[in-house]
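Asks:
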Amino acid sequence: MQVNRVIPDIAVDDLDTAREFYAGFLGLSDEEFNLGWVARFTSPETGASVQVLTEDETGHTNPVASVLVEDVDVAFAEAQEQGIEIVHPLTDEEWGVRRFFVRAPDGNVFNIVAHSR
Numbered sequence: 027m028q029v030n031r032v033i034p035d036i037a038v039d040d041l042d043t044a045r046e047f048y049a050g051f052l053g054l055s056d057e058e059f060n061l062g063w064v065a066r067f068t069s070p071e072t073g074a075s076v077q078v079l080t081e082d083e084t085g086h087t088n089p090v091a092s093v094l095v096e097d098v099d100v101a102f103a104e105a106q107e108q109g110i111e112i113v114h115p116l117t118d119e120e121w122g123v124r125r126f127f128v129r130a131p132d133g134n135v136f137n138i139v140a141h142s143r
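This note's numbering applies: residue 27 is where the sequence shown begins, and numbers increase by one.
(1) With 16 other CB atoms within 10 Å as the buried threshold, where does Q77 fall?
(2) What is the DSSP secondary structure of E104, counted as helix, strand or coil?
(3) As a quick exercise: from H86, D97, A105, pick the residue whose alpha carbon is nearest that of S142.
(4) If we ignore side chains and look at the alpha-carbon of each, how far apart do F47 and F136 end up?
(5) What whole-angstrom Cβ distance do L79 and N88 have, given they're in contact under 8 Å?
(6) What residues match up with Q28 in a beta bridge as DSSP calls it?
(7) Using a 10 Å radius around the Cβ and a threshold of 16 neighbouring Cβ atoms, would you call T68 buried or exposed?
(8) By how many angstroms is the C-alpha of T43 removed from the C-alpha of G50?
(9) Going by DSSP, what residue range makes up the alpha helix (DSSP H) through L41?
(10) If we count the other Cβ atoms within 10 Å of its Cβ and call it buried at 16 or more, is F127 buried or exposed?
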């Protein structure tokens, strides 16, 4: 699996309040997207970013990070081969990504994701 980027996913109660802190105080002022339940804030100078989410739209749990991969189908096959627990199936989401969730041995859930082709 080729990982291109890892973005922390932080659970919040309210995206607007989160924006005040992450964009205002931390300076992650570029709002790359906002789906109403998840938003990504990025530094225009460095590209550092964080995602905040209230509750995942289709997953049954919030991930701790999104792992952007080159080929999500390859990643899914590797997870299955290695017996990694899959907690959200490989899914084409309506907002243009293909993804699945896995649970690490420590219990943390990761969103393995690629933009749909």
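Yeah, the Cβ is synthetic: ideal placement off N, Cα and C, and Gly gets one too.
Replies: Taking the coordinates as given:
(1) Taking the sequence shown and counting its residues from 1, one reaches residue 77 at position 51. Burial call: buried.
(2) On the sequence shown, position 78 is the one that residue 104 refers to. Here E104 sits in helix by DSSP.
(3) Numbered from 1 along the sequence shown, position 116 holds the residue referred to as residue 142. Here the closest residue by C-alpha is D97.
(4) Counting from 1 along the sequence shown, the entry for residue 47 is found at position 21. Counting from 1 along the sequence shown, the entry for residue 136 is found at position 110. So the two alpha carbons sit approximately 24 Å from each other.
(5) Looking up residue 79 in the sequence shown gives position 53. Looking up residue 88 in the sequence shown gives position 62. The C-beta separation of L79 from N88 comes to about 6 Å, placing the pair in contact by the 8 Å criterion.
(6) Taking the first residue of the sequence shown as position 1, residue 28 is located at position 2. Beta-bridge pairing links Q28 to no other residue.
(7) By 1-based counting over the sequence shown, the position of residue 68 is 42. The residue is buried, with at least 16 neighbouring Cβ atoms inside 10 Å.
(8) Here residue 50 refers to the residue found at position 24 when the sequence shown is read from its first residue. Here residue 43 refers to the residue found at position 17 when the sequence shown is read from its first residue. Looking at the two C-alpha atoms, the distance is approximately 10 Å.
(9) Numbered from 1 along the sequence shown, position 15 holds the residue referred to as residue 41. Start and end: 41-45.
(10) Start at 1 with the first residue of the sequence shown, and residue 127 comes out as number 101. Flag for F127 reads buried.
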